[in-house]
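Position 4 of the sequence shown, counted from 1, bears residue number 3 in numbering that gives the first Met the number 0, the numbering being contiguous throughout. All residues carry an ideal CB built from backbone N, CA and C; glycine is no exception. As structure tokens, the structure follows; a few thoughts come after it.
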Amino acid sequence: MGQAKLSTSLFSGADWSMKEAALQHRWEEEAERRIKQCDIVLVMVGEQTYKASGVLKEVGFARKHNIEIAQIIVYKELINPTPVPNAGRIYRWDWENLKTLLN
0 MGQAKLSTSL FSGADWSMKE AALQHRWEEE AERRIKQCDI VLVMVGEQTY KASGVLKEVG
60 FARKHNIEIA QIIVYKELIN PTPVPNAGRI YRWDWENLKT LLN
């Protein structure tokens, strides 16, 4: 989100991550509501992201509502991560990739 705030940025964004605790059904309802408002969902890929149940549900919500999805490798030292199933192409985190995805 920091890059979106730069004066040279060609895009804007909002961090709608759910940091608050919620009951499972309530979390799913709120996550789906937020995802439905997005133009694109970026999945931040770490070593274990591909098996995170919440991420898998969020990807499912994005697919259900025909929201574009892309995966971003967040750690430079992560050479060959396992992609999240059905979550789109995987990219390295850099300015050019972000501009391509978010314009």
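May I ask you to check if the CB of residue i is nearer than 8 Å to at least one heavy atom of the ligand HEM?
i	result
Val40	What this structure holds is no ligand at all, so the ligand HEM is not there to describe.
Near residue i, which residues of its chain fall below 6 Å by C-beta distance, leaving aside the five closest residues on each side in sequence?
i	result
Ile71	Leu41, Met43, Tyr90 and Trp92
My assumption, with CB atoms under 8 Å, is that residue i sits in contact with residue j. Please give the rounded CB distance.
i	j	result
Lys56	Glu29	Actually they are not in contact, since the Cβ atoms of Lys56 and Glu29 sit about 12 Å apart, beyond 8 Å.
Ile39	Leu101	7 Å
Around the Cβ of residue i, are there at least 16 other Cβ atoms within 10 angstroms (buried) or fewer (exposed)?
i	result
Gly87	buried
Thr81	exposed
Ile68	buried
Ile78	exposed
Thr48	buried
In this structure, does DSSP put residue i in helix, strand or coil?
i	result
Ile68	strand
Leu41	strand
Ile34	helix
Arg91	strand
Skipping 5 residues on each side, what residues in its chain have a beta carbon closer than 7 Å to that of residue i?
i	result
Tyr74	Gly45
Asn85	Val58 and Arg62
CB-CB under 8 Å to residue i, same chain, minus the five flanking residues each way: which ones, in chain order?
i	result
Lys35	Phe60, His64 and Ile66
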